[in-house]
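Undergrad:
In the UniProt record's numbering, the protein residues as written are 1 to 318.
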């Protein structure tokens with residue numbers, strides 16, 4: 001697995017620091033890789049167009065949280081959880097930004113989706129957005145590695161097609177962020193037109209931005225988008241939709257997972273040592289054939305050196 005990941009890493013990204021002698025060959029190589037990215041995303045778009053806003057998923061499945069461009073830690077996740085397609089995977093968004101290898105991370109996940117469409121589900125997170133990626137790293141990474149914004153545009157156009165939520169065996173509702181005061185039933189979500197940039201407000205925005213809270217009811221989110229929602233809200237939503245659990249990502253939790261709302265909501269975070277400095281564990285949630293669940297925690301993969309990235313992006317949250 002390690003060798004194949006290393007080959008993938010070198011083959012799909014352009015050399016950010018070529019010598020003058022290699023400039024011509026490097027430009028040709030970049031153009032070839034842009035064409036490959038476009039072909040890959042065009043095929044992925046055909047597949048994603050057929051998926052629902054509430055994509056049904058069968059067990060067994062392994063549910064994963066934020067990755068944020070930490071490609072070597074994604075490789076560690078597959079080492080711990082099992083290779084795809086041997087293991088079914090459900091990723092809950094935020095594949096890009098903050099980490100140094102967003103291009104490689106999202107390319108691998110999209111390639112796996114194209115190759116094993118029934119074995120992997122990739123949901124949209126709040127960072128799968130044109131506006132957010134222009135601030136938090138993915139846009140700059142594409143410029144640095146490819147010399148233009150073309151690859152960024154190809155991927156952000158594809159993000160519009162990612163499903164918003166998933167439903168595991170009709171019992172576990174999976175999404176990136178949280179609930180919305182505008183959504184009472186899963187059918188409300190099924191009726192969305194998701195093929196658009198993430199709005200600044202409204203139910204689609206809330207699904208990608210909201211967070212559970214210890215306080216009851218709805219609250220104003222400190223993030224500036226979405227809402228906070230209390231245990232009374234999640235219990236009512238679960239009851240109305242015959243759900244047993246809401247699984248979501250979106251928040252750093254130091255142990256990699258965190259139960260809330262009397263174990264009716266769980267947060268899963270799959271980027272260990274987030275931003276290469278937070279010191280947190282990561283986790284994945286394995287749901288077996290009998291709908292039992294097991295958390296697997298893991299630490300960061302060994303760091304093999306990092307690119308020189310001088311621009312510092314603002315921390316809207318950690």
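The beta carbon of each residue, even a glycine, is placed where N, CA and C say it ideally should be.
Please classify residue 219: does DSSP put it in a helix, a strand, or coil?
TA: Residue state, collapsed to three classes: strand.
Undergrad: Mapping DSSP to helix, strand and coil, what is residue 66?
TA: Strand, per DSSP.
Undergrad: Which value, in whole angstroms, describes the spacing of the CA atoms of residue 29 and residue 35?
TA: Between residue 29 and residue 35, the C-alpha separation is close to 10 Å.
Undergrad: Expressed to the nearest angstrom, what Euclidean distance is found between the alpha-carbon atoms of residue 284 and residue 144?
TA: In a straight line, the C-alpha of residue 284 is about 31 Å away from that of residue 144.
Undergrad: So, for residue 65: in the same chain, excluding its five sequence neighbours on each side, which residues have a beta-carbon less than 6 Å away from its beta-carbon?
TA: Counting only Cβ-Cβ distances below 6 Å, and skipping sequence neighbours, we find 92, 249, 268, 269 and 270.
Undergrad: With C-beta atoms as the reference, is residue 63 less than 8 Å away from residue 173?
TA: Against a cut-off of 8 Å, the Cβ pair of residue 173 and residue 63 comes out as no contact.
Undergrad: From residue 175 to residue 151, what does the alpha carbon distance come to, in whole angstroms?
TA: Whole-angstrom Cα-Cα distance: 26 Å.
Undergrad: Please classify residue 294: is it buried, with 16 or more other beta-carbons within 10 angstroms of its beta-carbon, or exposed?
TA: Burial call: exposed.
Undergrad: Classify residue 72 as buried or exposed, calling it buried when 16 or more other Cβ atoms lie within 10 Å of its own Cβ.
TA: The residue in question, residue 72, is buried, as its Cβ has 16 or more Cβ neighbours within 10 Å.
Undergrad: Residue 216 to residue 100, Cα distance in whole Å?
TA: Taking the straight line from one Cα to the other gives about 38 Å.
Undergrad: Using DSSP with H/G/I as helix, E/B as strand and the rest coil, what is residue 205?
TA: Residue state, collapsed to three classes: helix.
Undergrad: Threshold first: 4 residues or longer. Then list the alpha helix (DSSP H) segments lying entirely within the region 167-213, N to C.
TA: Runs found: 186-190 and 203-209.
Undergrad: Specify the secondary structure class of residue 129 as computed by DSSP and reduced to three states.
TA: Residue 129: coil per DSSP, three-state reduction.
Undergrad: Kindly give me the distance between the Cβ atoms of residue 256 and residue 211, rounded to whole angstroms, as I take these residues to be in contact under 8 Å.
TA: Their Cβ separation, rounded to whole angstroms, is 17 Å, which puts residue 256 and residue 211 out of contact at 8 Å.
Undergrad: Assuming residue 138 is part of the alpha helix (DSSP H), what are its boundary residues?
TA: It spans 138-146 - the alpha helix (DSSP H) in which residue 138 sits, taken as one unbroken run.
Undergrad: For residue 231, collect the residues of the same chain with a Cβ closer than 6 Å to its Cβ; drop the 5 residues on either side in sequence, then sort them by chain order.
TA: Closer than 6 Å at the Cβ level, and outside the excluded window around residue 231, lie 261.
Undergrad: Assign residue 46 to one of three DSSP states: helix, strand, or coil.
TA: The answer is helix: DSSP assigns residue 46 an H, G or I state.
Undergrad: Would you mind working out which of 26, 158 and 57 sits nearest residue 319, comparing C-alpha positions?
TA: Not covered by the structure: residue 319. The range shown for the chain is 1 to 318.
Undergrad: Once DSSP output is grouped into helix, strand and coil, what is the label at residue 105?
TA: Residue 105 falls in the helix class under three-state DSSP.
Undergrad: For residue 269, does the three-state DSSP call read helix, strand or coil?
TA: Strand.
Undergrad: In the DSSP output, what is residue 245 paired with across the bridge?
TA: Per DSSP, 172.
Undergrad: Are the Cβ atoms of residue 115 and residue 47 separated by less than 8 Å?
TA: No, they are not a contact pair.
Undergrad: Taking the Cβ atom as the reference point for each residue, do residue 298 and residue 141 lie within a distance shorter than 8 Å?
TA: Result no, Cβ atoms of residue 298 and residue 141 do not sit closer than 8 Å.
Undergrad: Does residue 49 pass the burial test, meaning 16 or more other C-beta atoms within 10 Å, or should it be called exposed?
TA: Per the 10 Å Cβ criterion, exposed.
Undergrad: In this structure, how does DSSP classify residue 237 when only helix, strand and coil are distinguished?
TA: Looking at residue 237 - three-state DSSP - the assignment turns out to be helix.
Undergrad: Report yes if the C-beta distance between residue 123 and residue 162 is below 8 Å; otherwise report no.
TA: Yes, Cβ-Cβ distance for residue 123 and residue 162 is below 8 Å.
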